[in-house]
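Take the sequence shown: its position 65, counting from 1, is numbered 65 in the UniProt record's numbering, and each next residue is one higher. We put the beta carbon where it would ideally sit given N, CA and C, even for glycine.
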Amino acid sequence: MAGQSEPVPLSISFSASGFQATYQLGVAQSMLDLAPLVLQAAPKVMGASAGSHACFSVACLEACIEMMRFALQKRGPLHPAGNVFVWLEGLLRRSLPDDAHIRASGRLAVVMTRIPDGQNTVVSEFTSREDVVQALLCSCFIPGYHGIQPPSYKGVHYVDGGLSSIQPTHSSPYAHTLTVSPFAGEADICPPDPASMYVIVMSGMPLNCSVANGYRILEALYPYNWEVGPQNTPYACQQSHNTTLTIHQLHYNGDKGCPQTVRAYIKQSQQQSQHLTTATPGFQRSLVWQRNS
1 MAGQSEPVPL SISFSASGFQ ATYQLGVAQS MLDLAPLVLQ AAPKVMGASA
51 GSHACFSVAC LEACIEMMRF ALQKRGPLHP AGNVFVWLEG LLRRSLPDDA
101 HIRASGRLAV VMTRIPDGQN TVVSEFTSRE DVVQALLCSC FIPGYHGIQP
151 PSYKGVHYVD GGLSSIQPTH SSPYAHTLTV SPFAGEADIC PPDPASMYVI
201 VMSGMPLNCS VANGYRILEA LYPYNWEVGP QNTPYACQQS HNTTLTIHQL
251 HYNGDKGCPQ TVRAYIKQSQ QQSQHLTTAT PGFQRSLVWQ RNS
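Here it is, written out as C-alpha cells:
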C-alpha cells in the first residue's frame, strides 16, 4: 500500500552451544525445509562456536544432514574414538561445497575470540573455501578441551567465539535479529523453562539460573550419551518444524519478517495451541518462541 515502508527483514543469530547444537541444527534444517524465502531475505546470519556451523547452513542454504549426524555422535573430549576437533575438521573439508566462500561472503558472520588479547572478532568476508573452513574451526576451538595449539585465520590465532560473545548480534540491529539458543533465557527461540528469580549473564547473554540450564551447559561440553539411537534424538530436531511453519505462514501472509508482527503472531499462536513437550533423561526439551517484542 502506498505510504507504507517495507518491513526490515530479520537477521538470524545462533548462540554458542557445544553439543547442544543439535537444537540449533534442528531449527536451521526446518527453516531450510519450510521457509527458504525467509532465509534468503535475512541480511546477516551470525553464529558463535558450534552455532556458527548452524548459521553456515542457513546462510548458504545448505542441508544440515552431515552436521547433524556428527553432532548426534556426541563425541565428547573423553570419547575413545579420538579428538572431536579432528573429526570436525574432517567433516568440514568433506562436506563444504567448493563455492562455500562465494555463498558465505557478506551474509555469514562468524564470531571468534582473538589471542592473546581476547578481542571479539567478526569475520564475514571470505576469499576461498579454506577461509571458511578455518573461520569455522577457530570459532569453536576451546583451549584445553580441543587441544593446546589454537587454529589460525589469516595468520592470527583465535579461539572459541563464545568466550567473548555467546549470542552475537554485532552485525545487525538487535531489534531486527532473531536469536536462537539451546539455553533458556531471553533468546527468541529457546527452551521454555519456568521463569527464574535469578539470571546469570555469560559473555553478555542473560540465562536463567536453573538446574535445567546447568544440565544443558554440562551436556554441551560433556555429552552423557555416547550411544545414539532414535529414542535419543533431541526434541528440537523433531519439533522445530512447528515453529518454522509459523515463520513460513507469516511470510506468505505478506509480513515478511517484521519483528513486531513475528513475535506478536507467535505469542498468539502459543496461547491458542497446546504446548508440546517430551521427556528425555534429566530434563524436558522443547522448542518455543519466548521473548515478546
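Residue of the options minimising C-alpha distance to residue i
i: Ser-95; options: Gly-155, Gly-161, Thr-113, His-53; result: His-53
i: Pro-116; options: Ala-41, Leu-37, Thr-22, Val-159; result: Val-159
i: Ala-28; options: Val-156, Ser-152, Arg-129, Cys-55; result: Cys-55
i: Val-133; options: Tyr-222, Pro-97, Pro-182; result: Pro-97
i: His-146; options: Met-46, Ile-217, Tyr-153, Trp-87; result: Trp-87
i: Gly-161; options: Ala-41, Ala-42, Met-46; result: Met-46
i: Thr-127; options: Ala-21, Ile-102, Ala-59, Ala-41; result: Ile-102
Contact under 8 angstroms by Cβ, residue i with residue j
i: Glu-89; j: Leu-163; result: no
i: Ala-109; j: Pro-168; result: yes
i: Cys-140; j: Ala-212; result: no
i: Ile-166; j: Ala-48; result: yes
i: Asn-208; j: Ala-187; result: no
i: His-170; j: Val-122; result: yes
i: Ser-30; j: Tyr-23; result: no
i: Phe-19; j: Glu-219; result: yes
i: Val-156; j: Arg-129; result: no
Through-space distance from residue j to residue i, alpha-carbon basis
i: Ala-100; j: Ser-57; result: 10 angstroms
i: Val-39; j: Ser-210; result: In the sequence as displayed, the identity of residue 39 is Leu instead of Val. Rounded to whole angstroms, Leu-39 to Ser-210 spans 33 angstroms at the Cα level.
i: Pro-192; j: Leu-32; result: 23 angstroms
i: Leu-91; j: Lys-44; result: 24 angstroms
i: Tyr-215; j: Ser-196; result: 15 angstroms
i: Ile-142; j: Leu-34; result: 34 angstroms
i: Ile-148; j: Val-8; result: 43 angstroms
i: Ser-124; j: Met-112; result: 11 angstroms
i: Leu-25; j: Pro-36; result: 15 angstroms
i: Arg-107; j: Pro-223; result: 31 angstroms
i: Met-205; j: Tyr-198; result: 14 angstroms
i: Pro-182; j: Asn-120; result: 22 angstroms
i: Ala-135; j: Pro-194; result: 36 angstroms
i: Glu-227; j: Leu-221; result: Below a pLDDT of 50, predicted positions are generally treated as unreliable, and Glu-227, at 41, falls in that range; the measurement from the model is reported next regardless. Rounded to whole angstroms, Glu-227 to Leu-221 spans 16 angstroms at the Cα level.
i: Cys-60; j: Gly-144; result: 31 angstroms
i: Lys-154; j: Ala-21; result: 26 angstroms
i: Ala-41; j: Ile-217; result: 32 angstroms
i: Asp-131; j: Gly-118; result: 21 angstroms
i: Ser-203; j: Ser-152; result: 22 angstroms
i: Arg-93; j: Pro-150; result: 18 angstroms
Contained alpha helix (DSSP H) runs [length at least 4] in the stretch 87-142, N- to C-terminal order: Taken in chain order, the complete alpha helix (DSSP H) segments of 4 residues or longer contained in the stretch 87-142 are 100-104, 129-139.
Could you check whether the stretch 8-16 touches the stretch 176-189, counting it as contact only if at least three pairs of C-beta atoms, one from each stretch, sit closer than 8 angstroms? Segments in contact, yes.
Quick check on the DSSP output: what are the complete beta strand (DSSP E) runs of length 3 or more inside the stretch 148-183, in order along the chain? The stretch 148-183 contains these whole beta strand (DSSP E) runs: 156-160, 177-180.
Give the list of continuous beta strand (DSSP E) stretches no shorter than 3 residues that lie fully inside the stretch 6-54. 11-14, 45-48, all fully within the stretch 6-54.
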